[in-house]
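The block underneath contains the structure these notes are about, expressed in structure tokens.
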Amino acid sequence: MRPFIALCIIVAVLFTMGCSGLSDKQQKTMTGGLIGAAGGAGIAAIAGGNAGVGAAIGAAAGGLTGYILGEKKEREQQQPQKQTN
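Going by the numbering used here, the residue at position 52 of the sequence shown is 1020; the numbering climbs one at a time, nothing skipped.
This is how it looks when you write it as structure tokens:
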């Protein structure tokens, strides 16, 4: 199981390095998905379950959370602009 977790960490680092052209919301979505996948795989491995399923569920939950946070921040940044116009 350790090689799988190490592979997840390496993949997360490599994907994160190529994200300089993404918007803030896209970066938060991807980061949430990667953190969720790593956390889900780790928890599933510790609990004795299938690490792949844990990673998939964690990635979905983390990606959704990251998207929601990115959308919220984007709306907060747009509100002051609307009030000054």
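Backbone N, C-alpha and C fix where the C-beta goes; we use that ideal spot for every residue, glycine too.
In or out: L990 buried (at least 16 other Cβ within 10 Å) or exposed?
L990 comes out exposed.
Look up L1037 in the DSSP assignment and say whether it is helix, strand or coil.
helix
Could you spell out where the alpha helix (DSSP H) holding L1002 opens and where it closes?
D992 to A1015
G1026 - DSSP class collapsed to helix/strand/coil
helix
CB G1000 to CB L1037, shorter than 9 Å?
yes
Local conformation of G1020 per DSSP, three classes:
Helix, per DSSP.
In this structure, how does DSSP classify G1031 when only helix, strand and coil are distinguished?
The answer is helix: DSSP assigns G1031 an H, G or I state.
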